């Protein structure tokens with residue numbers, strides 16, 4: 002089946018924006034599982050947008066009102082980023098990833114989404130809280146030459162190590178929680194979708 006036939010075979014209702022064309026094209030390569038692959042790709046794109054919101058807010062908070070001076074500051078910054086990302090992700094997943102999931106009320110889906118994300122938040126926050134300092138201490142000497150490309154003369158501090166460790170721990174946590182969130186939401190929040 003060539004690209005034109007593959008796109009024609011796709012349900013016209015799934016073609017809502019220009020991103021849908023390459024997504025459906027890639028997903029159709031997976032045969033009978035193409036709809037799940039399409040949903041996963043969309044979920045990952047929504048998650049990437051959420052991650053940008055999440056990391057951006059954590060970075061801004063740590064640079065301004067919540068410097069990583071102690072565990073509480075780190076947990077508060079990471080939690081604020083997570084909440085902002087969850088709100089964005091729920092909106093875009095309901096509108097774009099699972100537009101055919103309308104047999105349940107938005108309140109019920111939001112509650113289910115919130116419960117799943119609360120579990121994800123707990124996993125991620127505990128992970129970040131316990132590893133951000135060791136990760137910062139481990140990676141600072143490794144990444145120092147790259148940091149000095151952008152900030153010549155940079156001298157590492159405990160504060161700098163804590164910020165670096167937070168971002169690395171957050172990156173690992175985001176990947177783990179994304180997998181949890183996809184499967185938990187797919188089979189509970191959006192289980193009404195074929």
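In the numbering used here, the protein residues as written are 2 to 195. Ideal Cβ positions, reconstructed from N, Cα and C, are used throughout, including at glycine. Fair warning: this is a prediction, and the values are worked out from it, not measured in the lab.
| request: Could you round the C-beta distance between residue 63 and residue 52 to whole angstroms and report it? I think they count as a contact, below 8 Å. | output: Beta-carbon to beta-carbon, residue 63 and residue 52 are separated by about 16 Å, too far to satisfy the 8 Å threshold.
| request: Please list, in chain order, all residues of the same chain as residue 116 whose beta carbon is under 7 Å from its beta carbon, the five residues on each side excluded. | output: Around residue 116: no qualifying Cβ.
| message | Just verifying my parser: in three-state terms, what is the DSSP assignment at residue 198? | response | Residue coverage of the chain in this structure runs from 2 to 195, which leaves residue 198 outside it and unanswerable.
| Option nearest residue 245 by Cα separation, candidates 104, 113, 106 and 118 | Here the chain comprises residues numbered 2 to 195, so residue 245 is not present and cannot be evaluated.
| Can you tell me where the alpha helix (DSSP H) with residue 166 in it begins and where it stops? | 159–185
| task | Taking the CB atoms as reference points, tell me whether residue 174 and residue 109 lie closer together than 9 Å. | result | no
| query | Would the beta-carbon of residue 179 fall within 9 Å of that of residue 60? | reply | no
| said: Let me check understanding here. Comparing Cα to Cα, which of 37, 151, 97 and 95 lies closest to residue 195? | reply: 37
| task | Would you decide whether residue 91 is buried or exposed? Buried here means 16 or more other CB atoms lie within 10 Å of its CB. | result | buried
| field | Burial state of residue 114 (16 or more Cβ within 10 Å) | value | buried
| message | I'd like to check one pair, residue 170 with residue 128: are the Cβ atoms closer than 9 Å? | response | yes
| message | Could you compute how far the alpha carbon of residue 155 sits from the alpha carbon of residue 149? | response | Their backbone Cα atoms lie some 6 Å apart in a straight line.
| field | With 16 other Cβ atoms within 10 Å as the buried cut-off, status of residue 166 | value | buried
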